[in-house]
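The opening residue of the sequence shown carries number 3 in the numbering used here; numbering runs sequentially from there.
For each residue, glycine too, the CB sits at the ideal point set by N, CA and C.
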Amino acid sequence: MENRKWWQNTVVYQVYPKSFADTTGNGTGDIQGILGKLDYLESLGVGAIWLTPVYSSPMVDNGYDISDYCGIDPSYGTMEDMEELIRAAKEHGIRIVMDLVYNHSSNQHPWFQESCRSRDNEKSDWYIWRDAKPDGRPPTNWRGIFGGSAWTWCEARQQYYLHTFAEQQPDLNWENPEVRQALYDAANFWLDRGVGGFRIDAITYIKKPGEFLDGEPDAADGMVSVHAMTANTKGILEFLHEFRREVFDGHDIFTVAEANGVGPAELSDWVGEKGAFDMLFEFSHMCLQFPEVETWCKECPWKLTDLKRALSDSQKATAKNGWYPIFFENHDQPRSVNQFFPHGGDKKLAAKAIAAVLMTLRGTPFVYEGQELGMENVAWDSIDCYDDISSHGQYELALQEGFSEREALSFVHTYSRDNARTPMQWTAERNAGFTSGKPWLPVQEGYASCNAAVEDGDPDSVLNWYRRLIQWRQGNEAVLCGAYEELLAESEEIYAFFRSSGNRKVCTVVNFSLQEIPFPDILPKGARRMFGNYAEEKEGCLRAQEAVIYEVQE
Ligand code: NOJ
3 MENRKWWQNT
13 VVYQVYPKSF
23 ADTTGNGTGD
33 IQGILGKLDY
43 LESLGVGAIW
53 LTPVYSSPMV
63 DNGYDISDYC
73 GIDPSYGTME
83 DMEELIRAAK
93 EHGIRIVMDL
103 VYNHSSNQHP
113 WFQESCRSRD
123 NEKSDWYIWR
133 DAKPDGRPPT
143 NWRGIFGGSA
153 WTWCEARQQY
163 YLHTFAEQQP
173 DLNWENPEVR
183 QALYDAANFW
193 LDRGVGGFRI
203 DAITYIKKPG
213 EFLDGEPDAA
223 DGMVSVHAMT
233 ANTKGILEFL
243 HEFRREVFDG
253 HDIFTVAEAN
263 GVGPAELSDW
273 VGEKGAFDML
283 FEFSHMCLQF
293 PEVETWCKEC
303 PWKLTDLKRA
313 LSDSQKATAK
323 NGWYPIFFEN
333 HDQPRSVNQF
343 FPHGGDKKLA
353 AKAIAAVLMT
363 LRGTPFVYEG
373 QELGMENVAW
383 DSIDCYDDIS
393 SHGQYELALQ
403 EGFSEREALS
413 FVHTYSRDNA
423 RTPMQWTAER
433 NAGFTSGKPW
443 LPVQEGYASC
453 NAAVEDGDPD
463 SVLNWYRRLI
473 QWRQGNEAVL
483 CGAYEELLAE
493 SEEIYAFFRS
503 SGNRKVCTVV
513 NFSLQEIPFP
523 DILPKGARRM
533 FGNYAEEKEG
543 CLRAQEAVIY
553 EVQE
């Protein structure tokens, strides 16, 4: 593929700043901490950092509740620190990608403070306000994504406001052109500072339906998820095209939007030449347990063929038009070594197997901090140990559904967003070298062996596996842009695919099961084994969680 953009050839690394590196000893990470790790990130081979929000925020949802879109939260540093990060990262060949949280602001944002004062101030129409039902109840029975009603009462206005997420995250009214302009201005402010792109948060919720109606309850609380009622509402693409014209067009950046509720079949409307974004995080492969609503206590079993179908559908949907952001982890998801493999497997083999898939699918791979070390989930023994706002909501919901406290906690163990938010593991020292103070979340217990320092010195580590894969990938046309072809689509153990460009082919073969199975007859003659997560080949079979990458020249 000619005329590839820089971001199509690169690997993106996601930094969750609160958990990355603390230089002040206050137990939370900061921008100076990221600056101190640029050499590490360069050695990994990444070309961009997606930075989750560092803007001014009361931190009810760790920065996804923004009170100033052009300010840096003091807990992270200053605007000078941010400018230094953008500049220094560039010197390391790394662009900084900011997170735009535009479905909602914080309730502490001056816009909201003004909006909620009266029904007739200048910002009265900047959020979504509605009268109560005649009996005083909220306008609809929608449940917010973190649990509880999606509406909160405001005394001053004698009205309810809508919040898709927490009550401290009121939804902005995108129908109001002044709101849209203010948001575009903020994004342009960051473009002027030289950022390399944007990840756009929760974008599927910005357009609300014309009429606000009650939905069929989906749980014992009598409510229906707001997601089912508002996600991906018709007309949303008009807003997004305007967003593109007013902000993104004409800049050498990339955009990747978080789009829960958009499936592979719709990708072509959203990305590519006619779409609004360069890439879209769609979640069909990440919520296999939740075919309907993401209610943790209503998890369903899933099969490997479900995962493969979701991945293949997105690969096909972006084959000719658009580009795919490949990811298996982020700050909202459990760790991939726990999520995608049966219990009882070897975590190091699993981490390498996921990396093999991540680095050989077609698209731009996104690595979440700690994924390159093989970091694992946590399982704390009380809900009080959890910080994540959605873990508390889901725990309550499970209790309401009749589960015991122990059962409710086990759902939290499996799905809590805190699984991904424990401090980054840098060394085997106290607090994994993350802070000299008390970390805001406990460090995951496996840090003595799973950390950057130890793994740096171990040629067989997950970290060095990532480094080698990324380096190899950068020079490999078949992997960078070759066609994708799935093999053995019906297999419940093996995920295998070709990537082909000209006379070169790459073949990835991964055994997702814990059983040793016969090696399938799929390899072209002359296939050379380039990577294997077991040191030696075992003739004729694929061992538990074995991942192998082959190259073929025809
Ligand atoms: C998606 C973000 O990834 C998540 O962390 C956040 O809580 C919600 N959007 C609300 O902004």
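key: Every unbroken beta strand (DSSP E) within the region 472-537, with a cutoff of 3 residues, ordered by chain   = 485-489, 496-503, 506-513 and 530-534
ask   = Cα-Cα, which of 497, 184 and 338 is closest to residue 248?
value = Within the sequence shown, residue 248 is the residue found at index 246, counting from 1. Among 497, 184 and 338, the Cα nearest to that of residue 248 belongs to 184.
query = Mapping DSSP to helix, strand and coil, what is residue 231?
reply = Start at 1 with the first residue of the sequence shown, and residue 231 comes out as number 229. Looking at residue 231 - three-state DSSP - the assignment turns out to be helix.
query = What separation, rounded to the nearest whole angstrom, lies between the Cα atoms of residue 106 and residue 481?
reply = Start at 1 with the first residue of the sequence shown, and residue 106 comes out as number 104. Start at 1 with the first residue of the sequence shown, and residue 481 comes out as number 479. Using only the alpha carbons, I get a separation of about 38 Å.
task = Give the straight-line distance between the Cα atoms of residue 435 and residue 529, rounded to the nearest whole angstrom.
result = Here the question's residue 435 lines up with position 433 in the sequence shown. Here the question's residue 529 lines up with position 527 in the sequence shown. Approximately 43 Å between the Cα atoms of the pair.
task = State yes or no: is the C-beta of residue 163 nearer than 7 Å to some heavy atom of the ligand NOJ?
result = Here residue 163 is taken as the residue at index 161 of the sequence shown, counted from 1. Residue 163: no, Cβ never under 7 Å from the ligand NOJ.
query = Are the CB atoms of residue 305 and residue 549 nearer to each other than 8 Å?
reply = Taking the first residue of the sequence shown as 1, we reach residue 305 at position 303. Taking the first residue of the sequence shown as 1, we reach residue 549 at position 547. Taking 8 Å as the Cβ cut-off, residue 305 and residue 549 do not qualify as a contacting pair.
ask   = What residues in its chain sit with their C-beta under 7 Å from that of residue 296, if we drop five residues either side in the sequence?
value = Working through the sequence shown from its first residue, we reach residue 296 at position 294. Contacts found: 289.
ask   = If you draw a straight line from the alpha carbon of residue 335 to that of residue 422, how long is it in whole angstroms?
value = Taking the sequence shown and counting its residues from 1, one reaches residue 335 at position 333. Taking the sequence shown and counting its residues from 1, one reaches residue 422 at position 420. Distance between the alpha carbons of residue 335 and residue 422 is about 6 Å.
request  = Identify which residue in 379, 351 and 407 has its Cα closest to the Cα of residue 546.
outcome  = Your numbering for residue 546 matches position 544 in the sequence shown. Comparing Cα positions, the closest option is 351.
inquiry  = If contacts are defined as beta-carbon pairs under 8 Å, then residue 53 and residue 99 qualify, I think. What distance do you get, rounded to the angstrom?
reply    = To locate residue 53, count along the sequence shown from 1; it is residue 51. To locate residue 99, count along the sequence shown from 1; it is residue 97. 7 Å between Cβ atoms; contact.
ask   = Can we count residue 167 as close to the ligand NOJ, meaning its CB is less than 7 Å from some heavy atom?
value = The sequence position of residue 167 within the sequence shown is 165, counting from 1. The answer is yes for residue 167.
key: Where residue 192 sits in the DSSP three-state scheme   = What you label residue 192 is simply residue 190 of the sequence shown in a count that begins at 1. In the structure shown, residue 192 sits in a helix (DSSP, three-state: H, G or I).
key: Candidates 197, 159 and 129, of which the one nearest residue 165 by Cα   = Position 163 of the sequence shown, counted from the start, is the residue given in the question as residue 165. Looking at the Cα atoms, 129 is the closest of the given residues.
message = How far does the beta strand (DSSP E) with residue 208 in it extend, from its first residue to its last?
response = Residue 208 sits at position 206 when you count from the first residue of the sequence shown. Taken as a continuous stretch (DSSP letters only), residue 208 belongs to no beta strand (DSSP E), as it is neither H nor E.
query = What is the residue span of the alpha helix (DSSP H) that residue 84 lies within?
reply = As a first step, residue 84 must be located in the sequence shown, where it is residue number 82. Taken as a continuous stretch (DSSP letters only), the alpha helix (DSSP H) holding residue 84 covers 81-93.
inquiry  = For the alpha helix (DSSP H) containing residue 241, name the first residue and the last one.
reply    = To locate residue 241, count along the sequence shown from 1; it is residue 239. Segment 238-245, the alpha helix (DSSP H) holding residue 241.
query = How many Å lie between residue 491 and residue 314 at the Cα?
reply = Mapped onto the sequence shown, residue 491 falls at position 489. Mapped onto the sequence shown, residue 314 falls at position 312. Approximately 9 Å, taken between the alpha carbons.
task = Can you have a look at residue 367 and say buried or exposed, based on whether 16 or more other CB atoms are within 10 angstroms of its CB?
result = Numbered from its first residue, the sequence shown carries residue 367 at position 365. With 16 or more Cβ atoms within 10 Å of its Cβ, residue 367 is classed as buried.
inquiry  = For residue 283, report the span of its beta strand (DSSP E) as first-last.
reply    = The count along the sequence shown starts at 1 and reaches residue 283 at position 281. Note, residue 283: beta strand (DSSP E), 281-283.
message = To test your reading of the DSSP string, which unbroken beta strand (DSSP E) runs of 3 or more residues are found completely within the region 256-298?
response = 256-260 and 281-283
task = For residue 203, verify whether its CB is less than 7 Å away from any heavy atom of the ligand NOJ.
result = Position 201 of the sequence shown holds residue 203. Checking every heavy atom of the ligand NOJ against the Cβ of residue 203, one is found closer than 7 Å.
When 531, 540, 535 and 538 are compared against residue 554, the one with the closest alpha-carbon = The count along the sequence shown starts at 1 and reaches residue 554 at position 552. Measuring from the Cα of residue 554, the nearest candidate turns out to be 531.
query = CA-CA distance, residue 134 and residue 162?
reply = As a first step, residue 134 is located in the sequence shown; it is residue number 132 there, counting from the start. As a first step, residue 162 is located in the sequence shown; it is residue number 160 there, counting from the start. Answer to the nearest angstrom: the Cα atoms are 7 Å apart.
task = Consult DSSP for residue 113 and reduce its assignment to one of helix, strand or coil.
result = As a position in the sequence shown, residue 113 is number 111, starting the count at 1. If DSSP states are grouped into helix, strand and coil, residue 113 belongs with the helices.
task = Report the rounded CA-to-CA distance for residue 101 versus residue 256, giving the unit in angstroms.
result = Start at 1 with the first residue of the sequence shown, and residue 101 comes out as number 99. Start at 1 with the first residue of the sequence shown, and residue 256 comes out as number 254. Distance between the alpha carbons of residue 101 and residue 256 is about 12 Å.
inquiry  = Using 8 Å as the cut-off, can you tell me whether the region 177-193 makes contact with the region 60-77, which would need three or more C-beta pairs spanning the two stretches below that distance?
reply    = yes
key: Beta-bridge pairing of residue 348 - partner residues as DSSP gives them   = Taking the sequence shown and counting its residues from 1, one reaches residue 348 at position 346. Looking at the DSSP assignment, residue 348 forms no beta bridge with any residue, so it has no partner.
key: Per-residue DSSP class, three states only, for residue 42   = Taking the first residue of the sequence shown as position 1, residue 42 is located at position 40. Residue 42: helix per DSSP, three-state reduction.
request  = Going by DSSP, name the residue or residues bridged to residue 100.
outcome  = Numbered from 1 along the sequence shown, position 98 holds the residue referred to as residue 100. For residue 100, which the question treats as bridged, DSSP gives the partners 53 and 200.
Residue 34: first and last residue of the uninterrupted alpha helix (DSSP H) it sits in = By 1-based counting over the sequence shown, the position of residue 34 is 32. Taken as a continuous stretch (DSSP letters only), the alpha helix (DSSP H) holding residue 34 covers 33-37.
Nearest neighbour of residue 58, chosen from 37, 84 and 148 [CA to CA] = Your numbering for residue 58 matches position 56 in the sequence shown. The shortest C-alpha separation from residue 58 is found at 84.
task = Take residue 285 as the anchor and find which of 266, 302 and 276 has the nearest alpha-carbon.
result = Residue numbering aside, residue 285 sits at position 283 when the sequence shown is read from its first letter. Nearest of 266, 302 and 276 to residue 285, Cα basis: 266.
query = Which runs of the beta strand (DSSP E) spanning at least 3 residues fall entirely within the region 337-416, listed in chain order?
reply = 366-370
ask   = What number of angstroms, rounded off, separates the C-alpha of residue 67 from the C-alpha of residue 56?
value = For the purposes of this step, residue 67 is taken as residue 65 along the sequence shown, with counting starting at 1. For the purposes of this step, residue 56 is taken as residue 54 along the sequence shown, with counting starting at 1. Their backbone Cα atoms lie some 10 Å apart in a straight line.
task = Give the DSSP bridge partners of residue 106, in chain order.
result = Taking the sequence shown and counting its residues from 1, the one referred to as residue 106 is at position 104. Paired residue(s): 173.
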